[in-house]
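Chemist: Using the working numbering, the first residue of the sequence shown is number 23, and each one after it goes up by one.
Note that the Cβ used here is the ideal one computed from N, Cα and C, for glycine as well.
All figures in this text were calculated on a predicted structure; none of them were measured in a lab.
I have a structure here, written as structure tokens, and I will follow up with some questions on it.
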Amino acid sequence: MKKLMALIDGSVYSRSVCDHAAWVSRRTGAEVELFHMLGRRDVAGAPADFSGNLDADARDTLLAELAELDEQKSRFAQRRGRLILEDARKRLEEDGVREAASKLRHGDVVETVQEFEGQADLIVIGKRGEAADFAALHLGSNLERVVRASQKPVLVAARAFQPIGRVLVAFDGGPSALKAVNYMAEGDLFKGLHCTLLTVGSETDDHRRQLEDAAHQLRAAGLETDHAIVPGQADSVIADKVASDKIDLVVMGAYGHSRIRNLIIGSTTTEMIRSCKVPILLFR
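Take a look at the structure:
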């Protein structure tokens with residue numbers, strides 16, 4: 023891994039995004055690039071015309087004042103954005119990352135991801151943003167859009183970073199799950215961690231073979247690995263496993279037709295992401 027994108031917005035999750043990005047960087051040597059996006063409302067433009075039936079002089083005065091106010095708001099948003107990036111850089115330094123690049127961007131977060139993800143191996147984003155309703159456990163409005171749009175793995179940071187030692191892989195044998203296993207086996211990110219491969223569903227010969235093949239691949243890469251097939255509903259089984267085994271990170275596919283991989287779109291698994299207290303690494 024050479025580079026990762028860390029998306030920050032000034033919310034309480036921004037610190038956690040930095041901490042998770044630093045964890046990845048320390049284990050892989052990847053460069054961290056911080057991104058903060060200014061929305062279109064934060065950029066000065068032509069002021070709206072609220073002049074109505076005012077005379078010419080009054081109308082010109084009002085429009086000039088509106089334009090100045092718009093410009094002030096834009097300058098404030100840019101100063102705030104630079105401060106957010108500077109605080110994030112300091113946080114990364116405290117976490118042991120010696121160098122981090124930063125970009126203050128105008129426009130949409132998905133457009134930024136699509137423009138720069140070709141240079142990155144991983145994207146880190148908070149589960150919720152500045153406008154999130156924590157009491158209602160609403161997901162951040164940009165999370166689903168980024169996961170849908172990105173072709174790279176997306177690490178969804180929990181509200182606060184905790185040391186990661188045990189990893190649960192929700193494995194259903196599909197392309198996304200196989201991609202996740204390959205990623206884990208080929209890189210340095212998971213070296214020294216304990217991995218549990220979990221298939222939720224009926225225990226069939228096909229399920230058992232796929233699970234054992236994946237476990238063998240991880241063990242061959244030097245990862246301590248166990249595996250299990252557990253019947254039941256995917257979201258509840260995974261949540262129970264996370265709690266009972268003190269799991270620190272969940273790895274799973276982001277899309278597909280099975281109950282496990284039907285993330286974001288599927289209501290049951292969306293609920294698991296909303297309520298899960300640990301970070302989740304998503305693969306498409």
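(1) Between which two residues does the alpha helix (DSSP H) carrying residue 95 extend?
(2) Am I right that residue 23 and residue 57 are in contact with their C-beta atoms under 8 Å? What's the rounded C-beta distance?
(3) Answer with buried or exposed for residue 113, where buried requires no fewer than 16 other C-beta atoms within 10 angstroms of its C-beta.
(4) What does DSSP give as the partner residues of residue 144 in its beta bridges?
(5) Using the three-state DSSP reduction, which class does residue 186 fall into: helix, strand or coil?
(6) With a cut-off of 8 Å on the beta carbons, I'd call residue 305 and residue 149 a contact; round off their distance for me.
(7) If you reduce the DSSP assignment to three classes, tell me which class residue 37 lands in.
(8) Residue ranges of each beta strand (DSSP E) run of no fewer than 3 residues wholly in the region 40-64, ordered along the chain?
(9) Buried or exposed, going by whether 16 or more other CB atoms sit within 10 Å of the CB of residue 139?
(10) Whose CA, out of 126, 120, 177 and 128, lies closest to the CA of residue 145?
(11) What ranges does the beta strand (DSSP E) occupy inside the region 182-235, keeping only unbroken runs of at least 3 residues that lie completely in it?
(12) For residue 35, is the classification buried or exposed, using 16 other Cβ atoms within 10 angstroms of its Cβ as the cut-off for buried?
(13) Just to confirm, is the Cβ distance from residue 221 to residue 248 under 8 Å?
(14) Please say whether residue 54 and residue 122 have beta carbons closer to each other than 8 Å?
(15) The beta strand (DSSP E) that contains residue 264, what's its start and end?
(16) Can you check DSSP and say which residues form a bridge with residue 124?
Modeler: According to the structure shown:
(1) Looking at the DSSP string, the run of the alpha helix (DSSP H) that includes residue 95 is 78-116.
(2) Actually they are not in contact, since the Cβ atoms of residue 23 and residue 57 sit about 17 Å apart, beyond 8 Å.
(3) Answer is buried; the Cβ neighbour count reaches 16.
(4) The partner list for residue 144 (beta bridge, DSSP) reads 26.
(5) Of the three classes helix, strand and coil, the one that applies to residue 186 here is coil, per DSSP.
(6) Contact between residue 305 and residue 149 fails: their C-beta atoms lie close to 17 Å from each other, not under 8 Å.
(7) In the three-state scheme derived from DSSP, where H, G and I count as helix and E and B as strand, residue 37 is classed as helix.
(8) Within the region 40-64, the complete beta strand (DSSP E) runs of at least 3 residues are 53-60.
(9) In this structure residue 139 is buried. Its beta-carbon is surrounded by 16 or more other beta-carbon atoms within 10 angstroms.
(10) By alpha-carbon distance to residue 145, the top candidate from 126, 120, 177 and 128 is 177.
(11) Scanning the region 182-235 for uninterrupted beta strand (DSSP E) segments of 3 residues or longer gives 188-192 and 216-222, listed from N- to C-terminal end.
(12) Per the 10 Å Cβ criterion, buried.
(13) At a Cβ-Cβ threshold of 8 Å, residue 221 and residue 248 do not count as neighbours.
(14) Taking 8 Å as the cut-off, the Cβ atoms of residue 122 and residue 54 count as close.
(15) No beta strand (DSSP E) contains residue 264, which is instead part of the alpha helix (DSSP H) from 256-266.
(16) BP columns for residue 124 point to 56.
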